[in-house]
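Engineer: Can you keep this structure in mind? I'll have questions shortly.
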Amino acid sequence: MDYALNYEEPLLWEHRAADGCGVDFEPLKNAPLKTGQPARQTIGWPKLKEPQIVKHFVRLSTKNFSIDHGFFPLGSCTMKHNPRLNEKIARLNGFANIHPMQPEETVQGALELMFDLQNWLGELTGLRGVCLTPSAGAHGELAGLMTIRRAHELNGQSHRKIILCPDSAHGTNPATAAMCGYELRVISTKETGCVTVENFKAALGDGKDVAGMMVTNPNTCGLFEAEIAECAKLLHEAGGYFYCDGANFNALVGKARPADFGVDVMHINLHKTFSTPHGGGGPGSGPICVADSLKDYLPVPCVVKTDQGYKLETIEDRPSSFGRLKGFQGQFGMFVRALTYMMSHGGDGLRQVAEDAVLSANYILSKLKGDFYAPFGDRTCMHECLLTDKIQKEQGVTTLDIAKTLIENGIHPMTVYFPLVVQGAMLIEPTETESKEAIDHFIFVMNHIAKDTSDGKANEIHQNPLSTPRRRLDEVRAARQPVLKATI
Amino acid sequence: MRYLPLTEQDRTEMLESVGVKTTDDLFKALPLAKGYDLPDHQGEMEVERFMTALAAKNQTASDSPFFLGAGVYRHHIPSTVDYIIQRSEFLTSYTPYQPEMAQGTLQVIFEFQTFMTNLTGMDVANASMYDGATSCAEAALIAMRLTGREKIVIGNALHPQYREVLESYIGKDHISDVEDETIAAVIIQSPDFFGTPHAYAQLKNKCDAIGAKLIVVITEIVSLGLLPAPTEADIVCGEAQSIGIPMSYGGPHLGFFACKQEYLRQMPGRLCGETVDADGKRGFVLTLSTREQHIRREKATSNICTNQGLCALAFTVHAALLGEEGLKHLAHLNHERACTLAEALSKINGIKIINDSFFNEFVIELPIDSKVVQKKLLNKKIIGGLPLDGNRMLVTATEMTTDQDITDLVSALTGVCS
Chain A
498 MDYALNYEEP
508 LLWEHRAADG
518 CGVDFEPLKN
528 APLKTGQPAR
538 QTIGWPKLKE
548 PQIVKHFVRL
558 STKNFSIDHG
568 FFPLGSCTMK
578 HNPRLNEKIA
588 RLNGFANIHP
598 MQPEETVQGA
608 LELMFDLQNW
618 LGELTGLRGV
628 CLTPSAGAHG
638 ELAGLMTIRR
648 AHELNGQSHR
658 KIILCPDSAH
668 GTNPATAAMC
678 GYELRVISTK
688 ETGCVTVENF
698 KAALGDGKDV
708 AGMMVTNPNT
718 CGLFEAEIAE
728 CAKLLHEAGG
738 YFYCDGANFN
748 ALVGKARPAD
758 FGVDVMHINL
768 HKTFSTPHGG
778 GGPGSGPICV
788 ADSLKDYLPV
798 PCVVKTDQGY
808 KLETIEDRPS
818 SFGRLKGFQG
828 QFGMFVRALT
838 YMMSHGGDGL
848 RQVAEDAVLS
858 ANYILSKLKG
868 DFYAPFGDRT
878 CMHECLLTDK
888 IQKEQGVTTL
898 DIAKTLIENG
908 IHPMTVYFPL
918 VVQGAMLIEP
928 TETESKEAID
938 HFIFVMNHIA
948 KDTSDGKANE
958 IHQNPLSTPR
968 RRLDEVRAAR
978 QPVLKATI
Chain B
17 MRYLPLTEQD
27 RTEMLESVGV
37 KTTDDLFKAL
47 PLAKGYDLPD
57 HQGEMEVERF
67 MTALAAKNQT
77 ASDSPFFLGA
87 GVYRHHIPST
97 VDYIIQRSEF
107 LTSYTPYQPE
117 MAQGTLQVIF
127 EFQTFMTNLT
137 GMDVANASMY
147 DGATSCAEAA
157 LIAMRLTGRE
167 KIVIGNALHP
177 QYREVLESYI
187 GKDHISDVED
197 ETIAAVIIQS
207 PDFFGTPHAY
217 AQLKNKCDAI
227 GAKLIVVITE
237 IVSLGLLPAP
247 TEADIVCGEA
257 QSIGIPMSYG
267 GPHLGFFACK
277 QEYLRQMPGR
287 LCGETVDADG
297 KRGFVLTLST
307 REQHIRREKA
317 TSNICTNQGL
327 CALAFTVHAA
337 LLGEEGLKHL
347 AHLNHERACT
357 LAEALSKING
367 IKIINDSFFN
377 EFVIELPIDS
387 KVVQKKLLNK
397 KIIGGLPLDG
407 NRMLVTATEM
417 TTDQDITDLV
427 SALTGVCS
């Protein structure tokens, strides 16, 4: 049933069909076909007019929560404000309405923009070889590992088959290593939360079979890997390369260069650190930045500046490249947004980004580590802080319940049950674009959840959320009897 | 700086709560940079001025007659599409891991999957892939896993960049020319890179005989409004940029992946499924995630995480507007424009149409090197087709191609060819 501002919206196919469609066309001439194939008769798409379709999607939109609604402290996802200027610029005809195979002399503005973005990323990371083409973080990881693999291949080191990776890593790290044909050797960080020289050495062994290591820094426990530079030195001596997952670059941007703690390759999530919108699940963009030692092996194309103007490299220009990882030049529209954001902030603003992001996370930690268990609460965190449900679980309230109660209070939950190394993890990343007022409200709600739990209100908490368009959903049923499309 | 709401007062209070004196006390473990060679922050007006000047250096598809395609197509996008995708609720939301707060995005994905399965004639489709080329490469990987075989045959003229991406993903030595019992799949593109549509029945029989999978790649999704659905395929994948998404110099676009039901648990990427909530009402969730990297880690079916969510929304809105009638009409219109173009070009002395059949693009043979022709056309402000080897050129027409565009091209080419 519909009630004020909360509409039930059927599937497109469940609406009463109109005549025709929601687009007006010039009439057809109905000349004979030259396709060599019979014309298709039925497709199975709906028949609706424009006003019905607008209402459909607007009504659906009201069932979503977004950054523009409120606090969205999703750890390791960097849900920061998405400036509308970025959207406006990406839609300029000169950027949106150009074809990737146009002659280079007709797209010098686009190439210059990519070249500038490469330089910004090189300057911010200290890794001067930059290729923008990977489509998202995981794709950047793939590009990075393929670059490492190519370097080993051309240097007679193909026997190196091991990638070292801590147990706190994002799931994409081991999945990427496997896609590249690498075997995973896990660095155990359960006790320390960090990679230490000691546990690193244990994983490295003599290092003769090690191709590289993948580490997120700051890591997924929200901690800076303080011993990583020393580990990187040992890794380099053993002939391996250091891949840094850049998901958490927001803590470092404008403050520290990954090259300075030994990183050889790093992907940057433009949709995290550089404010391009998450769009309900993409598009992202995951450029990779590499040290000079790996420049030659990067995927093609990078943009280069020549006497004749800007130019896209081909494999003939750089035969040591491992090749191409994506059609065309990458998620160009995201490059436009990211550079617009970078120029808006400037070097000074980006430094403030990292400082405010880290300060806000530490502030939340300082206010919540009493009511909630903070496994690393005695240390300074970076741009995200880690709590668990250890205290609340004794009263029958879990991380999932806490998340669903935040939802009931109009706040998006933090990242839950990740990292896997900590039981009942709640990873909180406020970002720099939240006001103290919003952060304090979140703290207030969390304190309340803790109090309700200790007051024995677990049964009430288990009911949450109550006021959302849908309450807790049966995920087991969805997986056991998969219904993945509308029945028509 | 306009995106940073903390006040100096806030920062002082927060530092006090944390128990440190300065922000740099929080960064003690880091090797701090001494400085950056970067400009300072700028206002909206200054940035806009700079970016507008940069954009103006590009010659766009609307500045002059335009005949490029080859995997990226210039189609009209109804105003409604961009209006919907710029709504905060869609634009600035996250992957719908918290379904109670994301029923809007989830229902859109469910509808997108339905549009895709209906269009391709497959049983299931995922929530999207990065682009056509990576989707094709992932399809090859799945076929290799399903069959336990290590070779892939490229059956016809596959887009050269798709081939390059495939080589990076599976290794050049895994691409074979021989269709025998050692191969995991045959990949066939339709319409192929040179614009020719293909039928699949014979090839499917051949694949069945040797136990290989048939992967059909579609780079011009509008063609499926006129050409038969590739129902014989095991996997249909490719690029859906043509519906709802601007060319944007090559991205972001919209990879799609659809297949037969039996391969469901080998699919890469996200899937949205129907279920019920605690009150028994229909709702949607991301499902079957035991295939995915965040659960299965090194045993996942792919490492893909973030996909092309907002592009899938743009597709879904445009597809809803087109509907059954509109897509067929649009496809016919594209074919008619291409027929008109082909007829006009065939009348020029020295130009030959190579294709016997085509959808909205085809190859012409010119009397001189096609790269020279491209340059000469550019001198007349015309962005011609894509130069191929030697004298050949791939030319494309869509519903955006006007009679005047064709007249201008014909007159320019007549000059070039004589």
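Residue numbers (the numbering used here), protein chains in the order written: chain A, 498 to 985; chain B, 17 to 434.
All C-beta atoms in this analysis are idealised placements derived from N, C-alpha and C, irrespective of residue type, glycine included.
1) Between the beta-carbon of S434 of chain B and the beta-carbon of M409 of chain B, is there less than 8 Å?
2) Taking Cβ-Cβ distances below 9 Å as the criterion, which residues of the stretch 722 to 746 of chain A are in contact with chain B?
3) Assuming T773 of chain A and A835 of chain A form a contact by the criterion Cβ under 8 Å, report the distance between their Cβ atoms to the nearest whole angstrom.
4) For H649 of chain A, go through chain B and note every residue whose CB falls closer than 8 Å to its CB, in chain order.
5) Have a look at N142 of chain B and S558 of chain A and give me their C-alpha separation to the nearest angstrom.
6) Cβ closer than 7 Å: which chain B residues qualify as neighbours of I564 of chain A?
7) Can you confirm whether M923 of chain A, when its beta carbon is compared against all beta carbons of chain B, has any partner nearer than 8 Å?
8) List the residues that DSSP assigns as beta-bridge partners of C628 of chain A.
9) Hey, L122 of chain B and P115 of chain B: beta-carbon distance below 8 Å or not?
10) Given 8 Å as the limit, is there contact between the stretch 344 to 355 of chain B and the stretch 411 to 418 of chain B, that is, 3 or more CB pairs closer than that?
11) Helix, strand or coil for G653 of chain A, going by three-state DSSP, please let me know.
12) What did DSSP end up calling E43 of chain B once you bin it into helix, strand or coil?
13) Got a sec? Which residues, its chain only, sit under 6 Å from H91 of chain B by beta carbon, not counting five neighbours each side?
14) Tell me the residue span of the beta strand (DSSP E) that contains F273 of chain B.
15) Quick check: the stretch 566 to 574 of chain A against the stretch 49 to 68 of chain B, are there 3 or more CB pairs under 8 Å?
16) Measure the alpha-carbon distance for K823 of chain A versus Y794 of chain A and round it to whole angstroms.
17) What residues from chain A crowd round P55 of chain B, counting only those whose CB sits closer than 8 Å?
18) Please classify D868 of chain A as buried or exposed, where buried requires at least 16 neighbouring CB atoms within 10 angstroms.
19) What did DSSP end up calling D706 of chain A once you bin it into helix, strand or coil?
20) Let's test the definition: count the other Cβ atoms within 10 Å of the Cβ of K705 of chain A and tell me whether it reaches 16, buried, or not, exposed.
21) Measuring alpha carbon to alpha carbon, tell me which residue in A:E957, A:D664, A:M643 is nearest C677 of chain A.
22) Is the stretch 136 to 155 of chain B in contact with the stretch 231 to 240 of chain B, if contact means three or more CB pairs nearer than 8 Å?
23) Can you tell me which residues form a DSSP beta bridge with Q205 of chain B?
24) Within 10 angstroms of the Cβ of Y754 of chain A, are there 16 or more other Cβ atoms? Answer buried if so, exposed if not.
25) Buried or exposed for T306 of chain B, going by 16 or more other Cβ atoms inside 10 Å?
26) Would a check of beta-carbon distances place F43 of chain B closer than 8 Å to chain A?
27) Beta-carbon within less than 8 Å of L162 of chain B's beta-carbon, same chain only, minus the 5 sequence neighbours each way: which residues are those?
28) At least one CB of chain A closer than 8 Å to the CB of A215 of chain B: is that the case?
29) Under 8 Å between beta-carbons, which chain B residues line up against T532 of chain A? List them in chain order, please.
30) How is the beta strand (DSSP E) around Y807 of chain A delimited, first residue to last?
31) Are the CB atoms of A983 of chain A and W617 of chain A within a distance shorter than 8 Å?
32) Compute the distance between the beta-carbons of N716 of chain A and G743 of chain A, then report whether it is under 8 Å.
33) Just the C-alpha distance for P798 of chain A and D814 of chain A, rounded to the nearest angstrom, thanks.
34) Near A756 of chain A, which residues of its chain fall below 8 Å by C-beta distance, leaving aside the five closest residues on each side in sequence?
35) Which residue marks the beginning of the alpha helix (DSSP H) containing M839 of chain A, and which one marks its end?
36) Let me know the secondary structure DSSP gives V432 of chain B once reduced to three states.
Structural biologist: Looking at the atomic coordinates:
1) Translated into the one-based positions of the second sequence, residue 434 of chain B becomes position 418. Translated into the one-based positions of the second sequence, residue 409 of chain B becomes position 393. The answer is no: Cβ separation not under 8 Å.
2) Hits within the stretch, in order: E722, A723, A726.
3) Your numbering for residue 773 of chain A matches position 276 in the first sequence. Your numbering for residue 835 of chain A matches position 338 in the first sequence. Sure, about 6 Å apart at Cβ, within 8 Å.
4) Position 152 of the first sequence, counting from 1, holds the residue named residue 649 of chain A. The premise fails here: H649 of chain A is roughly 15 Å from chain B at the closest Cβ pair, so nothing lies under 8 Å.
5) In the second sequence, counting from the first residue as 1, residue 142 of chain B sits at position 126. In the first sequence, counting from the first residue as 1, residue 558 of chain A sits at position 61. Going from the Cα of N142 of chain B to the Cα of S558 of chain A covers about 21 Å.
6) Taking the first residue of the first sequence as 1, we reach residue 564 of chain A at position 67. Under the 7 Å cutoff, chain B gives T108.
7) If you number the first sequence from 1, residue 923 of chain A lands on position 426. So, not an interface residue.
8) As a first step, residue 628 of chain A must be located in the first sequence, where it is residue number 131. BP columns for C628 of chain A point to A:I785.
9) Here residue 122 of chain B refers to the residue found at position 106 of the second sequence. Here residue 115 of chain B refers to the residue found at position 99 of the second sequence. In contact: L122 of chain B and P115 of chain B (Cβ atoms closer than 8 Å).
10) Per the Cβ contact rule, the stretch 344 to 355 of chain B is in contact with the stretch 411 to 418 of chain B (3 or more Cβ pairs under 8 Å).
11) As a position in the first sequence, residue 653 of chain A is number 156, starting the count at 1. G653 of chain A falls in the coil class under three-state DSSP.
12) What you label residue 43 of chain B is simply residue 27 of the second sequence in a count that begins at 1. Going by the sequence as given, residue 43 of chain B is Phe instead of Glu. Looking at F43 of chain B - three-state DSSP - the assignment turns out to be helix.
13) In the second sequence, counting from the first residue as 1, residue 91 of chain B sits at position 75. Result list for H91 of chain B: S258, T414, in chain order.
14) Sequence index remark: in the second sequence, residue 273 of chain B carries index 257 (1-based). F273 of chain B -> beta strand (DSSP E) spans 271 to 275.
15) no
16) Translated into positions along the first sequence, residue 823 of chain A becomes position 326. Translated into positions along the first sequence, residue 794 of chain A becomes position 297. Their Cα atoms are separated by approximately 16 Å.
17) If you number the second sequence from 1, residue 55 of chain B lands on position 39. Simply M840, G843, G844.
18) Position 371 of the first sequence, counted from the first residue, corresponds to residue 868 of chain A. Buried, by the Cβ-count rule.
19) For the purposes of this step, residue 706 of chain A is identified with residue 209 of the first sequence, where counting begins at 1. Secondary structure at D706 of chain A: coil, using DSSP grouped into helix, strand and coil.
20) Against the first sequence, residue 705 of chain A aligns to sequence position 208. Classified as exposed, K705 of chain A has fewer than 16 neighbouring CB atoms from the shown chains inside 10 Å of its CB.
21) Within the first sequence, numbered from 1, the residue matching residue 677 of chain A stands at position 180. Selected option, being the one with the closest Cα: A:M643.
22) yes
23) Here residue 205 of chain B refers to the residue found at position 189 when the second sequence is read from its first residue. B:V233.
24) Here the question's residue 754 of chain A lines up with position 257 in the first sequence. According to the sequence provided, residue 754 of chain A is Arg. The question's Tyr does not apply to it. Buried is the call here.
25) Position 290 of the second sequence, counted from the first residue, corresponds to residue 306 of chain B. That one is exposed.
26) Reading the second sequence from its first residue, position 27 is the one you call residue 43 of chain B. Answer yes: the Cβ-Cβ gap between F43 of chain B and chain A drops below 8 Å somewhere.
27) Numbered from its first residue, the second sequence carries residue 162 of chain B at position 146. So the qualifying residues of the chain are A200, K229, Y279, Q282.
28) Here residue 215 of chain B corresponds to residue number 199 of the second sequence, with the count starting at 1. Yes, its Cβ sits closer than 8 Å to a Cβ of chain A.
29) Along the first sequence, read from residue 1 onward, the residue named residue 532 of chain A stands at position 35. In chain order: P213, L242, L243, H351, S373, F374, F375.
30) Sequence index remark: in the first sequence, residue 807 of chain A carries index 310 (1-based). Its beta strand (DSSP E) spans residues 806 to 809.
31) Position 120 of the first sequence, counting from 1, holds the residue named residue 617 of chain A. Position 486 of the first sequence, counting from 1, holds the residue named residue 983 of chain A. For W617 of chain A and A983 of chain A, no; Cβs fall outside 8 Å.
32) By 1-based counting over the first sequence, the position of residue 716 of chain A is 219. By 1-based counting over the first sequence, the position of residue 743 of chain A is 246. No, the pair does not count as a contact, with Cβ atoms beyond the cut-off.
33) Taking the first residue of the first sequence as position 1, residue 798 of chain A is located at position 301. Taking the first residue of the first sequence as position 1, residue 814 of chain A is located at position 317. Straight-line Cα distance between these residues: approximately 10 Å.
34) By one-based count along the first sequence, residue 756 of chain A stands at place 259. Leaving aside the five residues that flank A756 of chain A on each side, the residues in its chain whose CB is nearer than 8 Å to its CB run, in chain order, T622, G623, L624, A788.
35) By 1-based counting over the first sequence, the position of residue 839 of chain A is 342. Start and end: 829 to 865.
36) If you number the second sequence from 1, residue 432 of chain B lands on position 416. Residue state, collapsed to three classes: helix.
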